[in-house]
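See below for the structure under consideration.
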Amino acid sequence: EEMRSLNASGITCECELHGDGADRLACFAALASFEPNTEPCLLRMVWASSYPFSPPSLQFCSRAPNPLIRDDGSVDLNILDDDWTPSLKTSHVLVGIQNMLTEPGNPDFLLPGCLHNANWAAQRVVTPSEYLPKLMELVVRAVHPEPKVNFNTWPFISGLLCLLRRHRLPDGPEWHQVRAALSALPGALARAAGSVTPTSEESYEETTKQRWLEEVRGFLLFFQVPQVLLAAPAMGNALGDLQPVAPRPPQIPA
């Protein structure tokens, strides 16, 4: 339940027992951005047997542009070091990481001597190919509207569209998961659109629902584009490289 509540913060997780015989718990988490055209990040947390008296270890699998993230993916965040207390939950750590990504220049995070990436502002999120399947699995699972639509997952819809625009998916399990979610979205969209009640002052729930509707419509519209536009990047061409076709003059019989 604690992990499911993280969707409102743009976070989805999958936990499993660590397979090194130390009886530790490991967790992959996908963090979606609330900014447009930004890929989600993938990170991994491991809890040692001394938890909760020591903080979990955390490492980004994606290269995320942030002054607090080192080249090896480790994070210089005070709640993972001196400010750690056993009362902190996993959700507190992940929300803190998400806030760090959302506000990279916040002075509360930029402590003296913690600037590890001076060129962060000129970079974008990059996930190595070996981690893309896990990132795609988590994002698609968050996007899938069955058995019940979660309107808080709208950042994952935007993030999934960004991933699909930038990466080619082989015809394997990840692409099958995308197609399953894609086939379920139109019905969920119709049900959700019919339940919207216009008001003069929209609540947080209605605002979130409206954003979900907008993202789903944009996502489905992307898959209605002619196949030549979808195939262009796969052929090594940018969409701007496509040349207009001049119309043929009509053939007038002599």
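According to full-length UniProt numbering, the sequence shown is numbered sequentially starting from 1. For glycine and all other residues, C-beta sits at the position ideal for the given N, C-alpha and C.
Closest in alpha carbon position to Glu206, among Cys61, Asn150, Gly218, is Asn150.
Straight through space, the alpha carbons of Glu215 and Thr90 are spaced by roughly 29 Å. Thr127 sits buried, since 16 or more C-beta atoms from the chains shown fall within 10 Å of its C-beta. Closest option to Phe156, judged by alpha-carbon separation, among Ala64, Val178, Asn66: Val178. Here His144 is buried. Its C-beta has 16 or more other C-beta atoms within 10 Å. With a cutoff of 8 Å on beta-carbon distance, Phe34 and Gly10 are scored as near each other. Judged by beta-carbon spacing, Glu137 lies within the 8 Å limit of Glu174, meaning their Cβ atoms are closer than that value. Closest in alpha carbon position to Pro65, among Asp81, Asp72, Leu101, Thr85, is Leu101. The continuous alpha helix (DSSP H) containing Ser183 extends over residues 173 to 194. For Ala32, the CB contacts under 6 Å within the same chain, skipping 5 residues up- and downstream, are Gly10, Pro40, Pro155, Phe156, Gly159 in chain order.
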